[in-house]
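Here the structure comes first, spelled out in structure tokens, and everything after it is commentary.
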Amino acid sequence: MIEALVVSNLLLWVAVLALAALVVALMRQLGVLYERVAPAGALVAGAAPRVGERAPVVAVVDLAGTPVSLGAPSADGRRSLLFFLSPTCPVCKTLLPVVRQIGRAEVRTLRVVLASDGPRDEHVAFAREHALDEREYVLGAALGLAYRVAKLPYAVLVDAAGIVRAEGLVNTREHLESLFEAMERGVASLDEYLAQKRQEVA
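86 is the number that our numbering gives to position 104 of the sequence shown; each next residue is one higher, with no gaps.
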């Protein structure tokens, strides 16, 4: 009888320790997800330049090795959507088909530019895996620094005159489309628009 109690107590402690280890592992995974996935919504994160200001003109290089200058007024009259991504960002990969679809649907009025930094070989392999146009995929830390991109995926909408019209963290198709909606309404973000509406009601 006593031996059975001792064995049951030992098994109980083993179970408790196993559960504690599982909780620690889950907490670590939550930390990793928090670092990788930005807060929900197209929220402006104190980025510079601000909406309504001129976009910085930044020299980068596309995956084909050609120098590219971004931020200047567009010669063809198209807006530019800068989509900051990383080959290791799972949300970025999920949004890629959406970004490409928007680019194809708005090809006459919108230029989609994928932007990142890091080892070129890694990005070339990623571009080939996802059949991305190397001429519209640019590398250069200066671009991310100019917009103070801290988390991914991040998007910036610049009009044909080189003025930043909307920007923010984007995690879903709706968040991405909210940038265009914010531009149409002349606000920095839909959060700002909703806040204005709440003030009008109050």
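For every residue, glycine included, the Cβ atom is placed at its ideal position computed from N, Cα and C.
Query - Exposure of ALA97, with buried meaning 16 or more beta-carbon neighbours within 10 Å - result: buried
Query raised in the report: Ends of the alpha helix (DSSP H) at ASP99?
Result: Neither: ASP99 is in no alpha helix (DSSP H) and is coded neither H nor E.
**Report entry** Contact check, VAL138 vs ALA57, beta carbons under 9 Å
**Finding:** no
Query raised in the report: In its own chain, which residues sit with a C-beta less than 8 Å from the C-beta of ARG60, not counting the 5 before and 5 after it?
Result: ARG90, THR91, LEU92, ARG93, ALA142
Query - CA-to-CA distance, GLU111 to ALA54, given in whole angstroms - result: 31 Å
**Report entry** Within the segment 34 to 105, ranges of the alpha helix (DSSP H) (whole runs, at least 4 residues)
**Finding:** 72 to 87
Requested in this report: Please report the residue range of the alpha helix (DSSP H) in which ARG167 lies.
Outcome: 155 to 167
**Report entry** Spatial distance of GLU88 from ALA132 (CA atoms)
**Finding:** 28 Å
Requested in this report: Could you check what DSSP says for GLY186 in three-state terms: helix, strand or coil?
Outcome: Outside the shown range of the chain, which is -17 to 184, sits residue 186, and nothing can be said about it.
Query - Cα-Cα separation between GLU149 and LEU45, rounded to whole angstroms - result: 24 Å
Requested in this report: Let me know the secondary structure DSSP gives GLU17 once reduced to three states.
Outcome: Confidence in GLU17 is poor, its pLDDT being 47 and thus under 50, which makes the residue's placement unreliable; the coordinate value appears in the next sentence. GLU17: helix per DSSP, three-state reduction.
Query raised in the report: Given a threshold of 16 other Cβ atoms within 10 Å of its Cβ, counted over all protein chains shown, does PRO135 qualify as buried or as exposed?
Result: buried
Query raised in the report: According to DSSP, is ALA113 helix, strand or coil?
Result: coil
Report task. Answer yes or no: do VAL106 and GLU116 have a C-beta to C-beta separation smaller than 9 Å? Result -> yes
Query raised in the report: With a CB to CB cut of under 6 Å and the five nearest residues on each side skipped, what residues in its chain are close to VAL140?
Result: ALA37, SER62, VAL146
Query - Reduced DSSP category for ALA137 - H, G, I as helix; E, B as strand; rest coil - result: strand
Query - Three-state secondary structure (DSSP) of ALA22 - result: Because ALA22 sits at a pLDDT of 38, beneath the cut-off of 50, its placement in the model cannot be relied upon, and the point is left open.
Requested in this report: Could you tell me which of GLN181, VAL(-4), ARG130 sits nearest to PHE66, measuring between CA atoms?
Outcome: ARG130
Query raised in the report: If we call anything under 9 Å between Cβ atoms a contact, is ARG155 one with LEU78?
Result: no
Query - Through-space distance from MET(-17) to ALA0, alpha-carbon basis - result: 26 Å
Report task. Would you identify the three-state DSSP class for VAL131, choosing helix, strand or coil? Result -> coil
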